[in-house]
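Chains as they are written, first to last, in the numbering used here: chain A, 1 to 550; chain E, 1 to 135.
Every residue gets a Cβ at the ideal spot worked out from N, C-alpha and C, and that includes glycine.
Presented below is the structure to which this report refers.
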Amino acid sequence: MSATTDYQALHWRLFTSFLSFSLVPLFVLGFFLYTQFSVSYKEKVLDGMRTLVENRKSAIELFFEERVSQLSTLAHSLEYENLIHEQYLLQVFNVMQTRSKSYIDIGIIDQNGNHVAYVGPHPELRGVNYKNEEWFMPAMSSGLYISDVFRGFRWIPHVIIAVTVRQQDKSFMLRATINLDIIENIVRSAQVGRYGDAYLINRNNILQTNPRFSGAILEQPAGPDFSRTSTTRLEEISLKEKRAFFAATYIPTTHWVLVIIEDPQEQLSPLLRARDWGGILFVLAVVMITLGTYMITRAIMTKLKRIAREKAVSDDMVFQSNKMAALGKMAAGIAHEINNPLAVIGEKAGWVKDLLHKENIQDNPNLKECDDAVTKIEYHVDRARKVTHRLLGFARRMEPIREVIDINKLLKDTMVFLENEAHFRDIGLVTDFDAQLPTITSDASQLQQVFLNIINNAVDAVDHDGEVTISTRFDDHANEIQVLVHDTGPGIRQENLDKIFDPFFTTKDPGKGTGLGLSISYQIVESLGGKICVTSEIGKGSTFTISLPV
Amino acid sequence: MSDIRVLIVDDEVDFLETIVKRLQDRGFIAKGAENGEQALDYLQHNTVDTVILDVKMPGMDGLQVLQTIKLRWPLVEVIMLTGHASVESGIQGMQLGAFDYVMKPARLDDLLQKIRQAVERKKLQEEKIHRAQNQ
Numbered sequence: 001m002s003a004t005t006d007y008q009a010l011h012w013r014l015f016t017s018f019l020s021f022s023l024v025p026l027f028v029l030g031f032f033l034y035t036q037f038s039v040s041y042k043e044k045v046l047d048g049m050r051t052l053v054e055n056r057k058s059a060i061e062l063f064f065e066e067r068v069s070q071l072s073t074l075a076h077s078l079e080y081e082n083l084i085h086e087q088y089l090l091q092v093f094n095v096m097q098t099r100s101k102s103y104i105d106i107g108i109i110d111q112n113g114n115h116v117a118y119v120g121p122h123p124e125l126r127g128v129n130y131k132n133e134e135w136f137m138p139a140m141s142s143g144l145y146i147s148d149v150f151r152g153f154r155w156i157p158h159v160i161i162a163v164t165v166r167q168q169d170k171s172f173m174l175r176a177t178i179n180l181d182i183i184e185n186i187v188r189s190a191q192v193g194r195y196g197d198a199y200l201i202n203r204n205n206i207l208q209t210n211p212r213f214s215g216a217i218l219e220q221p222a223g224p225d226f227s228r229t230s231t232t233r234l235e236e237i238s239l240k241e242k243r244a245f246f247a248a249t250y251i252p253t254t255h256w257v258l259v260i261i262e263d264p265q266e267q268l269s270p271l272l273r274a275r276d277w278g279g280i281l282f283v284l285a286v287v288m289i290t291l292g293t294y295m296i297t298r299a300i301m302t303k304l305k306r307i308a309r310e311k312a313v314s315d316d317m318v319f320q321s322n323k324m325a326a327l328g329k330m331a332a333g334i335a336h337e338i339n340n341p342l343a344v345i346g347e348k349a350g351w352v353k354d355l356l357h358k359e360n361i362q363d364n365p366n367l368k369e370c371d372d373a374v375t376k377i378e379y380h381v382d383r384a385r386k387v388t389h390r391l392l393g394f395a396r397r398m399e400p401i402r403e404v405i406d407i408n409k410l411l412k413d414t415m416v417f418l419e420n421e422a423h424f425r426d427i428g429l430v431t432d433f434d435a436q437l438p439t440i441t442s443d444a445s446q447l448q449q450v451f452l453n454i455i456n457n458a459v460d461a462v463d464h465d466g467e468v469t470i471s472t473r474f475d476d477h478a479n480e481i482q483v484l485v486h487d488t489g490p491g492i493r494q495e496n497l498d499k500i501f502d503p504f505f506t507t508k509d510p511g512k513g514t515g516l517g518l519s520i521s522y523q524i525v526e527s528l529g530g531k532i533c534v535t536s537e538i539g540k541g542s543t544f545t546i547s548l549p550v
Numbered sequence: 001m002s003d004i005r006v007l008i009v010d011d012e013v014d015f016l017e018t019i020v021k022r023l024q025d026r027g028f029i030a031k032g033a034e035n036g037e038q039a040l041d042y043l044q045h046n047t048v049d050t051v052i053l054d055v056k057m058p059g060m061d062g063l064q065v066l067q068t069i070k071l072r073w074p075l076v077e078v079i080m081l082t083g084h085a086s087v088e089s090g091i092q093g094m095q096l097g098a099f100d101y102v103m104k105p106a107r108l109d110d111l112l113q114k115i116r117q118a119v120e121r122k123k124l125q126e127e128k129i130h131r132a133q134n135q
């Protein structure tokens with residue numbers, strides 16, 4: 001039916017609009033929060049990296065500044081003549097190494113590049129001439145030289161600090177090899193987490209320390225080239241399909257660049273965990289909202305349908321009541337108009353009969369015929385009279401008598417009239433009375449007419465071999481008594497159900513019913529403040545329910 | 001029975017004529033009046049036992065005529081004849097003092113029975129009055 005599809009469409013529309021109004025804000029909020037959170041979390045991670053890289057840079061700078069000032073102080077305060085004695089130099093070296101093992105070895109080089117004194121693990125360097133080494137001339141002229149990592153004569157990566165001092169008219173150079181492990185340690189402390197990395201490069205993008213992962217000292221690093229970095233750079237770069245955070249800072253003292261790499265996957269793992277939890281909560285919220293929306297819309301639709309149904313019923317009642325009133329008026333009008341001519345016809349026929357009976361009709365066949373005809377006329381006037389009188393009964397609106405009635409007793413009294421008939425036709429009259437039924441104030445004789453009518457109809461509907469059940473009950477919600485008359489007859493067809501209370505509507509054979517019984521019953525019950533309704537199922541029977549106010 | 005005097009009041013002339021004839025035929029002293037005024041006029045000059053009075057008539061209607069009759073000739077019994085949707089008017093008539101009511105079209109036998117009952121009551125009333133006057 002179209003009403004059902006209408007309801008379904010409305011249900012669907014309500015459901016979707018409720019859902020979208022609930023879910024859209026949730027999605028927007030979720031997206032906004034996630035974006036905001038992830039941006040600020042990333043900023044926090046990058047901030048951490050900036051702090052770390054600058055902190056490590058300071059450590060490296062401090063280390064080199066301390067070494068430079070130590071070496072510079074030594075070179076300026078000690079005599080060249082003493083220093084070239086390796087015994088003396090060893091004493092100096094041991095003093096230097098007491099506080100920290102920052103150095104590998106120490107050597108003195110004269111202005112011609114000759115390695116005049118050496119203390120350290122590489123005695124083969126003693127006497128080597130550095131004059132042609134690329135660092136020698138710049139170191140000699142600038143007074144201070146810090147090398148990149150290089151292999152030199154010993155063929156082991158190392159860094160040197162050379163301090164050139166002028167004493168009297170000679171220059172000499174104090175050259176110390178820095179323990180690379182210390183720098184490596186400083187850098188390594190910036191290798192965060194399981195996948196974080198940190199290394200130093202020089203201005204030519206050559207590794208000055210061993211990275212944790214790919215690459216080795218004096219090679220090129222696997223990552224992007226940060227050798228031109230002038231201050232501090234923070235970047236997120238995808239490398240081989242893998243995202244990585246890079247922080248790079250320039251160390252002026254050594255002209256190196258410190259590069260720190262962090263794995264976002266690892267660094268952002270609290271964020272990702274939060275995202276996963278958020279996702280789960282979000283899905284739960286969506287499920288709950290959907291479920292809630294479904295339940296709410298279903299409740300609304302149920303309520304709506306009930307209201308519509310109740311309205312339809314009450315509309316139906318009003319319509320039926322109006323129809324009955326109009327029909328009543330019409331019936332009364334017609335009955336009146338017919339009664340007067342009928343009265344004349346009846347009287348005329350009576351008069352003719354009176355006259356005929358004064359004649360000797362036995363001897364005159366024609367007069368006998370006339371007498372028969374007049375008798376027939378009187379009979380049919382009588383028949384018509386019954387109809388019009390019933391019609392007037394239907395239309396009448398007598399003030400009902402008010403008396404206290406026990407409905408159960410009234411029903412029992414009424415059934416007495418029908419018991420013989422029912423018994424004769426093998427129809428069982430079953431009663432199911434509510435013993436607690438309250439009494440009502442109404443018109444007993446009118447109600448009896450109604451009960452008689454409806455029970456009689458039920459018996460007629462069953463015809464023979466069946467059952468008519470008469471039950472009573474009290475509906476304390478509506479505060480009314482209900483009398484139910486159920487029959488096991490063939491049921492009433494839907495199209496007839498609407499007309500069943502109309503005057504002259506009958507399904508009985510012509511001449512057997514006037515079609516006024518139910519209309520009159522309807523009128524009576526309505527005038528007593530009650531109502532009659534009927535439900536029926538083809539093949540199963542019908543139930544008439546008479547509701548009467550208490 | 002022969003001395004029962006009946007006045008029938010109805011605007012339906014065909015009905016009136018016939019019923020008058022039939023009542024006369026049965027030995028009643030029957031007389032017809034076509035409206036309320038005629039009826040009251042007749043009562044003014046004649047003695048009547050029972051009036052059969054149609055409720056719905058042009059001019060004075062049955063209930064008005066009834067009230068006048070009961071006012072002026074309280075002993076005259078009135079039987080209301082109703083053709084209308086008018087059990088009410090019948091009952092109303094009885095409240096106003098009518099003896100009974102008959103619905104049109106009435107069987108003559110019913111009507112005759114009611115006339116006899118009415119006359120009986122009238123006689124009883126008259127006897128009571130008579131006794132009261134003699135005491």
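- With a cutoff of 7 angstroms on beta-carbon distance, residue 410(A) and residue 444(A) are scored as near each other.
- Under a criterion of Cβ atoms nearer than 8 angstroms, the residues of chain A adjacent to residue 19(E) are, in order, 347.
- If you check each beta-carbon in the stretch 102-129 of chain E against every beta-carbon of chain A, the ones closer than 8 angstroms belong to 103, 104, 105, 106, 107 and 108.
- Pairing residue 491(A) with residue 428(A) gives a Cβ-Cβ distance that is not under 7 angstroms.
- Take residue 68(E), set aside five residues on each side of it, and the residues of its chain with a beta-carbon closer than 7 angstroms to its own are 40, in chain order.
- Contacts between residue 77(E) and chain A, judged by CB atoms closer than 8 angstroms, are missing: the closest CB pair is about 21 angstroms apart.
- The beta carbon of residue 34(E) does not come within 7 angstroms of any beta carbon belonging to chain A, so the residue lies off that interface.
- In terms of CA proximity to residue 32(E), 10(E) leads the group 103(E), 10(E) and 74(E).
- Taken atom to atom, the span from the alpha-carbon of residue 481(A) to that of residue 53(E) is near 44 angstroms.
- Residues of chain A whose Cβ lies closer than 8 angstroms to the Cβ of residue 15(E) are, in chain order, 340, 343, 344 and 347.
- Around residue 6(E), the same chain offers 23, 28, 29, 30, 31, 48, 49, 50, 51, 52 and 115 as residues with beta carbons nearer than 8 angstroms, after the five sequence neighbours per side are excluded.
- DSSP lists no bridge partner for residue 62(A).
- Against chain E, the beta carbon of residue 389(A) has neighbours under 8 angstroms at 103, listed in chain order.
- The residue from 468(A), 293(A), 496(A) and 500(A) with its alpha-carbon nearest to that of residue 485(A) is 468(A).
- In the structure shown, residue 417(A) falls within a helical segment according to DSSP collapsed to helix, strand and coil.
- The C-beta of residue 383(A) comes no closer than 7 angstroms to any C-beta of chain E.
- Pairing residue 161(A) with residue 56(A) gives a Cβ-Cβ distance that is not under 7 angstroms.
- Following the DSSP letters along the chain, one finds residue 21(E) inside the alpha helix (DSSP H) bounded by residues 13-25.
- Between residue 439(A) and residue 402(A), the C-beta gap is not smaller than 7 angstroms, which leaves the two residues out of contact.
- Counting the other CB atoms within 10 Å of its CB gives residue 104(E) a total of 16 or more, which places it among the buried residues.
- Listed in chain order, the positions of the stretch 344-377 of chain A with a beta carbon within less than 8 angstroms of a beta carbon of chain E are 344, 345, 346, 347, 348, 350, 351 and 354.
- Of all residues in the stretch 302-336 of chain A, only 332, 335 and 336 come within less than 7 angstroms of chain E when Cβ atoms are compared, listed by chain position.
- DSSP places residue 324(A) within a helical segment (H, G or I) once states are collapsed to three.
- For residue 478(A), the secondary structure class from DSSP, reduced to helix, strand or coil, is coil.
- As summarised for the stretch 287-348 of chain A, there are no continuous beta strand (DSSP E) elements at least 3 residues long confined to that stretch.
- Between residue 307(A) and residue 7(A), the alpha-carbon positions lie close to 13 angstroms from each other.
- For secondary structure counted as the alpha helix (DSSP H) over 4 or more consecutive residues, the stretch 420-468 of chain A holds these complete runs in sequence order: 444-462.
- Using a 10 angstroms sphere on the CB of residue 116(A), the tally of other CB atoms reaches 16 or more, which defines it as buried.
- Non-local beta-carbon contacts of residue 124(A) in its own chain, meaning distances under 8 angstroms to residues more than five positions away in sequence, involve 153 and 154 in chain order.
- In this structure the stretch 257-273 of chain A lies against the stretch 184-196 of chain A, because at least three pairs of beta carbons, one per stretch, are closer than 8 angstroms.
- Under the Cβ distance rule, residue 93(E) does not count among the residues neighbouring chain A, no pair being separated by less than 7 angstroms.
- Burial is judged here by how many other beta carbons sit within 10 angstroms of a residue's own beta carbon; residue 132(A) has fewer than 16 and is exposed.
- The continuous beta strand (DSSP E) containing residue 107(A) extends over residues 103-110.
- Here residue 243(A) has 236 and 264 as same chain residues with Cβ atoms under 7 angstroms from its own Cβ, once five neighbours each way along the sequence are excluded.
- Residue contact check for residue 83(E) against chain A: a CB pair falls below 7 angstroms.
- Collapsing the DSSP output to three states places residue 242(A) in a strand.
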